[in-house]
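Counting from 1 along the sequence shown, just add 9 to a position and that's the residue number in the working numbering. Have a look at the structure below, then the notes.
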Amino acid sequence: MSNFLVSSYSLSAAPRSAIFRIQDDLRNAQKESTTGRMADVGLGLGVRTNQTVSLRIERENNTRLRESNALIGQRFETMQTALESVVKTAEALVASLISNGASDPGISASVQQAKAGLQQLSGALNSASGARFLFSGASSDRPAIAFEAVSGGTARGYEQDSTAKKATADAFQTAFGFAQNDPAVAGISPADLEAFVAGGLDGLFQLSPTGEWDNWSSADGTSVYNRISESETLDVSYPASDEAFRNIAKAYVMIADLGVEGMTGESRQLLTSRAIETLTQGLAQLTEIRAEIGGKQSRLETTEETLKSRNSVLTLSIASFEEVDPYEASTRVTTLMNLLETSYALTARISRLSILNYL
10 MSNFLVSSYS LSAAPRSAIF RIQDDLRNAQ KESTTGRMAD VGLGLGVRTN QTVSLRIERE
70 NNTRLRESNA LIGQRFETMQ TALESVVKTA EALVASLISN GASDPGISAS VQQAKAGLQQ
130 LSGALNSASG ARFLFSGASS DRPAIAFEAV SGGTARGYEQ DSTAKKATAD AFQTAFGFAQ
190 NDPAVAGISP ADLEAFVAGG LDGLFQLSPT GEWDNWSSAD GTSVYNRISE SETLDVSYPA
250 SDEAFRNIAK AYVMIADLGV EGMTGESRQL LTSRAIETLT QGLAQLTEIR AEIGGKQSRL
310 ETTEETLKSR NSVLTLSIAS FEEVDPYEAS TRVTTLMNLL ETSYALTARI SRLSILNYL
């Protein structure tokens with residue numbers, strides 16, 4: 010007669026062990042049916058996992074480039090808006106000088122317009138995107154136009170006791186021996202005025218080390234390049250030190266701060282003519298800058314389309330490795346739930362067994 014061991018524990022342990030496995034499979038199936046992706050990519054793909062990792066890294070880099078390019082696009086858009094306002098203000102002064110001429114009532118209005126133009130130019134060149142000043146070049150943490158006060162500290166504008174205004178006054182005093190508001194300005198000859206405009210005044214709007222534009226701006230003219238694709242970079246800097254801005258500022262100062270109202274007809278006419286010429290030159294240079302920015306905006310749009318298409322390809326490639334059939338996963342969920350219920354029922358029945366059933 011053979012002896013064998015009958016144990017209700019061994020009978021119930023097997024179904025319980027199966028339940029744990031079914032529960033794990035069910036969790037994975039539920040996750041896959043919800044996400045449409047393998048619950049454990051590493052386990053599912055094995056040695057091919059490195060391929061999806063590489064694809065995901067490339068897609069992430071692609072996405073970062075697109076996000077960076079979007080910020081560059083916003084930067085250019087803000088620049089264009091600021092430059093458009095500068096153009097409109099400068100064009101209005103040109104129109105005023107042409108229509109009003111050098112007559113007394115007209116020139117007084119032009120002087121006020123030029124002073125307002127100086128304020129507008131400063132505000133436009135201090136445009137910012139986020140915490141970065143757009144026309145400061147590499148020194149984007151500082152305002153592009155920042156006047157220092159003669160007494161120390163910061164001046165609110167050119168007219169507010171700034172070192173730039175003092176430099177203009179000093180240059181005028183050196184050239185003529187009196188201040189801009191002195192009645193003696195009526196005796197300035199056209200020839201002497203021409204020499205001052207081309208010499209002493211022009212030097213105030215030249216860059217260091219020979220010029221004194223530092224009284225107006227500390228913008229860094231170093232080019233700033235941003236990567237817009239894996240193989241392409243873009244210069245995104247248009248500093249306030251550009252000649253276009255210096256010419257417009259100089260023209261405003263000619264009308265606003267050289268005592269044009271006190272000059273005689275010929276000298277006044279000469280100064281307004283030179284201001285119109287300088288403004289026109291600055292506007293032409295601004296048009297070139299705006300066209301260049303527009304070209305870069307087009308390049309960004311083209312690059313965005315390329316990066317967007319590449320992202321779609323990468324997403325499809327990743328999906329071909331990692332995605333599962335949601336219908337198949339849902340079917341597995343149903344099957345496993347039925348199997349789990351059966352296992353629960355079987356375990357419950359086994360737990361009610363007694364040794365008496367074997368006797």
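Cβ atoms here follow ideal geometry from the backbone N, Cα and C, with glycine treated the same way. Fair warning: this is a prediction, and the values are worked out from it, not measured in the lab.
If the five residues before and after SER145 are omitted, its C-beta is found closer than 6 Å to the C-beta atoms of ARG151, ALA153, ALA228, all from its own chain and listed in chain order.
A distance below 6 Å between beta-carbons, with the five flanking residues on each side excluded, links LYS124 to the following residues of its chain, in chain order: ALA265. The three-state secondary structure of ALA200, taken from DSSP, is helix.
Relative to the Cα of SER321, the nearest Cα in the group SER246, ARG30, ARG65 belongs to ARG65.
Between SER148 and GLU157, the CB-CB gap reaches or exceeds 9 Å.
Relative to the Cα of GLN89, the nearest Cα in the group THR344, LEU325, ARG299, ILE327 belongs to ARG299. Cα atoms of TYR167 and THR177: separation of roughly 10 Å, rounded to the nearest angstrom.
Looking at the DSSP output, ASP229 shares a beta bridge with GLY146. Close CB contacts of ARG319 within its chain, under the 8 Å cut and outside five residues either way in sequence, are with ASN71 (chain order). Residue state for ASN135 is assigned as coil, using DSSP reduced to three classes. Counting only residues of its own chain and dropping the five nearest sequence neighbours on each side, ASN109 has a CB closer than 8 Å to the CB of GLY115, ILE116, ALA118, SER119. The continuous alpha helix (DSSP H) containing ASP179 extends over residues 172-185. Each residue's CA atom was taken as its position, placing GLN129 and ASN135 some 10 Å apart. Between ILE81 and ILE285 a beta carbon distance of about 36 Å is seen, past the 8 Å cut, so the two are scored as non-contacting. Counting only residues of its own chain and dropping the five nearest sequence neighbours on each side, LYS175 has a CB closer than 7 Å to the CB of VAL159. Put simply, the region 219-235 touches the region 250-265. At least three CB pairs are less than 8 Å apart.
Considering only LEU292, GLU297, THR315, the residue with the shortest C-alpha distance to ALA101 is LEU292. In this structure the region 239-256 does not touch the region 184-196; the number of beta carbon pairs closer than 8 Å is below three. For TYR261, the enclosing alpha helix (DSSP H) has its first and last residue at 252-265.
Of all alpha-carbon atoms in LEU216, LYS317, THR98, SER276, the one lying nearest the alpha-carbon of ALA133 is that of THR98. Across the structure, PHE181 and LEU288 are spaced so that their CA atoms are roughly 21 Å apart. If you check the CB distance, SER77 and ILE302 do not come in under 9 Å. Setting aside the 5 residues that flank it on each side, TYR234 is surrounded in the same chain by THR242, LEU243, ASP244, each with a C-beta closer than 7 Å to its C-beta; the list follows chain order.
Counting other Cβ atoms within 10 Å of its Cβ, ASP251 reaches 16 or more and is therefore classed as buried. If you draw a 10 Å sphere on the C-beta of LEU325, you find fewer than 16 other C-beta atoms in it, and that means exposed. Under the three-state reduction of DSSP, ASP244 is assigned to strand. In this structure, LEU92 lies near LEU295, with their beta-carbon atoms less than 9 Å apart.
Per DSSP, reduced to three states, the secondary structure at THR343 is helical.
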